[in-house]
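Heads up: the sequence shown begins at 1 in the working numbering, then just goes up one per residue.
Built from N, CA and C at the ideal position, the CB exists for glycine as well.
Predicted, not measured: the structure shown is a model, and the values here were computed from it.
Notes follow the structure.
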Amino acid sequence: MLSCVLAGAALSACGEPGGDTSDVSATAPTTQSPTGASTVDPSASGSASEGSSDASDSTDGQTGSSGAVSTSGPQPTTGTDPTATATSTTSTTTSPFTTGEDTDTGWWETTTEGGDMCKVNIDIVFVMDVSTSMSAILQKLADEILVVDQAIAALDVETQPSYGLVVFVDDATIINNGAPYADAASLQADFIEWSTFTQSNSQTDGNGSNGDWPENTIDGLYLAAYGFQWRPTESTLRMIIHTTDDTFGDKGANQSGEVIQHSYDETVLGLQEREIRVFSFVDNDMTGGPGNNEDVSMGFFTPYQGKTPIPQATDGGAFNINDVYEGQLSLSAAINQSVEDSLCSQYIPM
């Protein structure tokens, strides 16, 4: 059975196939990861920030699929370096969420008459778990990202979409130093590369292996919120497409030698302040954990320690990743419908 939950706008076709606070800059020495991307030594990393005027929100500096910066240092401070990176942290609110809920609950905002609230830019950052079990979803994204791009191009927006990528295992890495990809084809190439990377069972910076099952969703989302070069909030639909099949550690947790840098509360607050919607493709069938029999829906479909799930808290939505694997849900259709439903809707965090 298809399971999807949306905040902000009802996803009418979710089960059918088809279709500011701070940036961070690093001053630490860089090394080469197994994927050829540069990473920052966490012990020496610093940060810079996207100011309230969105100084770093720009269409300039678009690049291909060359570089990546991984950070796990202190929280970001203000700065202007457009090549900066950021680590993640967490934040939260309240409000329980029912698995598979797909009816109007009265807390979302609908499109305004005449489309007065419609955005002219669309920025999408993919925050992807690249641990060993995630190869299939990365390959599906590689297969379908051009379909997503074509559907977005058909919308009545004035500019080309901007895409970014953050990958995580127990650490987290932002690709291209947070600059947008030159085009969807460059992003597609990186999806293929990271799908192959999953076979290595390594951390994203190439240092150490992955020996546990919680992954670092929190720092991944925080890194996307603070490290990507988002365009100005007032003119831009800001979205994260997040995928994982496991739960996460909170700030201070040690996962395979990697310490989680940010909290659930910090991350949610950062996403809300930057008006970023999170759409998560996550496990909702109690098939997570080392034995594939544990509930890992907390924070995505259900509350985390009494706090609102991240997708609902950020006016986004949650989809059961197993529906994608089983062919019951088209990944590209779900992404495209989420974009369309959000484009002219007021951002209302929970």
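Three-way DSSP call (helix, strand, coil) for residue i in this model
i, result
"serine 297", "coil"
"aspartate 123", "strand"
"tyrosine 347", "coil"
"glutamate 258", "strand"
"serine 235", "helix"
"aspartate 129", "strand"
"asparagine 322", "helix"
"serine 280", "strand"
"glycine 317", "strand"
"threonine 27", "Note that threonine 27 has pLDDT 31, beneath the 50 cutoff, so the model's placement of it is unreliable and the number below is only indicative. In the structure shown, threonine 27 sits in coil (DSSP, three-state: anything other than H, G, I, E or B)."
"glycine 288", "strand"
"valine 339", "helix"
"serine 202", "strand"
"leucine 329", "coil"
"glycine 178", "helix"
"glycine 106", "With a pLDDT of 29 at glycine 106, under the threshold of 50, the predicted position of this residue should be treated as unreliable, and no value is reported."
Nearest residue (CA-CA) to residue i, options the options
i, options, result
"isoleucine 175", "Gly220, Ser235, Asp295 and Gly317", "Gly220"
"glutamine 261", "Glu275, Ala179 and Leu223", "Leu223"
"isoleucine 218", "Gly270, Ser202, Gln346 and Pro349", "Gly270"
"methionine 350", "Lys307, Tyr181 and Thr247", "Lys307"
"leucine 165", "Thr159, Ala153, Ala184 and Ile152", "Ala184"
"aspartate 170", "Leu343, Thr198 and Phe191", "Thr198"
"valine 268", "Cys344, Asp143, Tyr226 and Thr173", "Tyr226"
"phenylalanine 301", "Phe281, Gln188 and Glu258", "Phe281"
Neighbour-count burial assignment, residue i, 16 or more Cβ in a 10 Å radius
i, result
"glycine 299", "buried"
"glycine 211", "exposed"
"valine 317", "It is glycine, not valine, that sits at residue 317 in the sequence shown. So glycine 317 counts as buried."
"serine 263", "buried"
"serine 209", "exposed"
"glycine 252", "exposed"
"glutamate 158", "exposed"
"glycine 291", "exposed"
"serine 330", "buried"
"tyrosine 347", "buried"
"methionine 239", "buried"
Residue i and residue j closer than 8 Å at C-beta
i, j, result
"valine 130", "threonine 204", "yes"
"isoleucine 321", "aspartate 283", "yes"
"phenylalanine 248", "proline 214", "yes"
"serine 162", "proline 180", "yes"
"glutamate 275", "threonine 233", "yes"
"valine 278", "isoleucine 152", "no"
"valine 324", "isoleucine 137", "yes"
"valine 125", "asparagine 336", "no"
"asparagine 216", "glutamine 160", "no"
"serine 123", "tryptophan 230", "Before going further, note that residue 123 is aspartate rather than serine in the sequence given. Their beta carbons are under 8 Å apart, which means aspartate 123 touches tryptophan 230 by this criterion."
"aspartate 250", "methionine 134", "no"
"cysteine 344", "methionine 117", "yes"
"alanine 142", "serine 195", "yes"
Residue i: first and last residue of the uninterrupted alpha helix (DSSP H) it sits in
i, result
"leucine 221", "217–227"
"alanine 142", "135–153"
"tyrosine 264", "264–273"
"phenylalanine 191", "184–197"
Residue range of the unbroken beta strand (DSSP E) whose run includes residue i
i, result
"alanine 172", "172–175"
"tyrosine 304", "Counting along the chain, tyrosine 304 falls outside any beta strand (DSSP E), and DSSP gives it neither H nor E."
"leucine 162", "Note that residue 162 is serine in the sequence shown, not leucine. Segment 162–168, the beta strand (DSSP E) holding serine 162."
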